[in-house]
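Taking it in order: structure first as structure tokens, then the write-up.
Protein chains: 2
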Amino acid sequence: MQNLQKIKDKLQQYKIKPSLIRIKVLEYLNSTREHPNAEKIYKKLLKEIPTLSRTSVYNTLKLLTQKGAIKEIMIEEGEIRYDGINERHAHFKCVKCNNLYDLKLKCKSCLEETDLNKVKVMDEHIYIVGICKKCLKKGE
Amino acid sequence: MQNLQKIKDKLQQYKIKPSLIRIKVLEYLNSTREHPNAEKIYKKLLKEIPTLSRTSVYNTLKLLTQKGAIKEIMIEEGEIRYDGINERHAHFKCVKCNNLYDLKLKCKSCLEETDLNKVKVMDEHIYIVGICKKCLKKGE
DNA sequence: TGTAAAATTGTAATGATTACAAAATTGAAG
DNA sequence: CTTCAATTTTGTAATCATTACAATTTTACA
Ligand SMILES: [Mn+2]
Ligand SMILES: [Mn+2]
Ligand SMILES: [Zn+2]
Ligand SMILES: [Zn+2]
Numbered sequence: 001m002q003n004l005q006k007i008k009d010k011l012q013q014y015k016i017k018p019s020l021i022r023i024k025v026l027e028y029l030n031s032t033r034e035h036p037n038a039e040k041i042y043k044k045l046l047k048e049i050p051t052l053s054r055t056s057v058y059n060t061l062k063l064l065t066q067k068g069a070i071k072e073i074m075i076e077e078g079e080i081r082y083d084g085i086n087e088r089h090a091h092f093k094c095v096k097c098n099n100l101y102d103l104k105l106k107c108k109s110c111l112e113e114t115d116l117n118k119v120k121v122m123d124e125h126i127y128i129v130g131i132c133k134k135c136l137k138k139g140e
Numbered sequence: 001m002q003n004l005q006k007i008k009d010k011l012q013q014y015k016i017k018p019s020l021i022r023i024k025v026l027e028y029l030n031s032t033r034e035h036p037n038a039e040k041i042y043k044k045l046l047k048e049i050p051t052l053s054r055t056s057v058y059n060t061l062k063l064l065t066q067k068g069a070i071k072e073i074m075i076e077e078g079e080i081r082y083d084g085i086n087e088r089h090a091h092f093k094c095v096k097c098n099n100l101y102d103l104k105l106k107c108k109s110c111l112e113e114t115d116l117n118k119v120k121v122m123d124e125h126i127y128i129v130g131i132c133k134k135c136l137k138k139g140e
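Here the protein sequences come in this chain order: A and B. Numbered according to my numbering, the first sequence terminates at residue 140, and the numbering increases by one at each position without gaps. Numbered according to my numbering, the second sequence terminates at residue 140, and the numbering increases by one at each position without gaps.
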């Protein structure tokens, strides 16, 4: 399909050679908004690539992150989640169901320009922790 | 000194019984803006409390966090830093010197109210990753 | 084909955090 | 001052996601 070409193009755009695992990992991360961790990605791709190793998933995630094609999200200790959506947005982590939702940002920057114009900004992370709509309903 | 009383009051305010270790940990976190991790806090307090155990520091930090007296900051994998300053603010993490600086926020919320008025917000984290002024100068 | 570079794999190590049970301390009651 | 249960603190062992490393496989190109 032409979706494959899009993934390959994106990899090339970030100067990453398009191997099978890299394509599959990026394809998965671009197709979902669930922000999976390495283990979830491994389990998912194992169905398509039976020889896949956990190490390869970790290696690939590290590479994609370093090249800027995906983003690491660190919210809870001992678990890195990954986000393949590159548009600037914030996150909402529900402490009940553990889901991680995307949130829109209404302003370009919440920070004082005077603080920022002296430093080199490489990355920005904004997230809220709380209880989501669904879980609030469940608990009356 | 009367600083001690302030710390005790703050602990009581968050419904935490003021034991020696709790007082010392909170006192340290309220006196610094360096956002230390558990190990740094342990090393620092060991000078004053020679019988101190790492476990006690971890226990105390967990308790203070759960009660809301301090905040965990998770930016780099495998290292939780702690912040005793309760006023809402953002952070800047320098990837060169590894320092974590405080930043002022210019707006009350960067998020769409429509997204937030259906959920329960418990915590908010905003941070920038980049290279600080000092390190930029060093590298010409 | 031959071969060096790159990618992938499996196993072992790492290290911050946590679990757990024992020891010490506290504080109220007698 | 004692007693004793609750709380706090401690030391050791376990956890577990991630990383290091070396071996194997695959790729790309002459
Ligand atoms: Mn996202
Ligand atoms: Mn801070
Ligand atoms: Zn939820
Ligand atoms: Zn710096």
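Idealized CB from N, CA, C, for every residue including glycine.
Cα-Cα separation between residue i and residue j, rounded to whole angstroms
i: Glu140/A; j: Lys96/A; result: 14 Å
i: Arg33/B; j: Ile85/B; result: 8 Å
i: Gln66/B; j: Lys93/A; result: 17 Å
i: Leu4/B; j: Lys15/B; result: 17 Å
i: Arg22/A; j: Tyr82/A; result: 14 Å
i: Ser109/A; j: Glu72/A; result: 20 Å
i: Gly130/B; j: Asn98/B; result: 10 Å
i: Thr114/B; j: Pro18/B; result: 41 Å
i: Glu39/B; j: Asn30/B; result: 17 Å
i: His35/B; j: Lys47/A; result: 43 Å
i: Lys62/A; j: Leu61/B; result: 30 Å
i: Lys134/B; j: Glu124/B; result: 28 Å
i: Asn59/B; j: Gln13/A; result: 47 Å
i: Lys138/B; j: Lys138/A; result: 55 Å
Contact test: residue i Cβ vs ligand 3 heavy atom, cutoff 7 Å
i: Lys134/A; result: yes
i: Lys96/A; result: yes
Test item: CB-CB of residue i and residue j under 8 Å
i: Leu100/A; j: Val119/B; result: no
i: Met74/B; j: Glu77/A; result: yes
i: Leu45/A; j: Tyr28/A; result: yes
i: Leu103/B; j: Leu111/A; result: yes
i: Cys107/B; j: Cys132/A; result: no
Distance cut-off 7 Å: residue i Cβ against heavy atoms of ligand 2
i: Ile126/A; result: no
i: Asp102/B; result: yes
Residue i beta carbon near ligand 4 (any heavy atom closer than 7 Å)
i: Asn37/B; result: no
i: Asn99/B; result: yes
i: Ile131/B; result: yes
Closer than 7 Å: residue i CB and nearest ligand 1 heavy atom
i: His89/A; result: yes
i: Asp83/A; result: yes
8 Å Cβ shell around residue i - same chain, five flanking residues per side excluded
i: Leu26/B; result: Ile7, Lys10, Leu11, Leu64, Ala69, Ile70 and Gly84
i: Glu79/B; result: Asn37
i: Ala90/A; result: Asp102, Leu103, Lys104, Leu105, Ile126, Tyr127 and Ile128
i: Ile49/B; result: Leu20, Ile21 and Lys24
i: Glu87/B; result: none
Cβ shell of residue i (< 6 Å), same chain only, five flanking positions each side left out
i: Tyr42/B; result: Arg54 and Val57
Chain B contacts made by the segment 12-43 of chain A, where a contact means CB separation under 7 Å
Those residues of the segment 12-43 of chain A placed with their C-beta closer than 7 Å to a C-beta in chain B do not exist.
May I ask you to list, following chain order, the residues of the segment 118-131 of chain A that have a beta carbon less than 9 Å from some beta carbon of chain B?
Close to chain B, meaning a Cβ-Cβ distance shorter than 9 Å, are the following residues of the segment 118-131 of chain A: Lys118, Val119, Lys120, Val121, Met122, Asp123, Glu124, His125, Ile126, Tyr127, Ile128, Val129, Gly130 and Ile131.
By the 7 Å beta-carbon criterion, what residues does the segment 103-114 of chain B contribute toward chain A?
Only those residues of the segment 103-114 of chain B whose C-beta falls short of 7 Å from the nearest C-beta of chain A are listed: Leu103, Lys104, Leu105, Lys106, Cys107, Cys110, Leu111 and Glu112.
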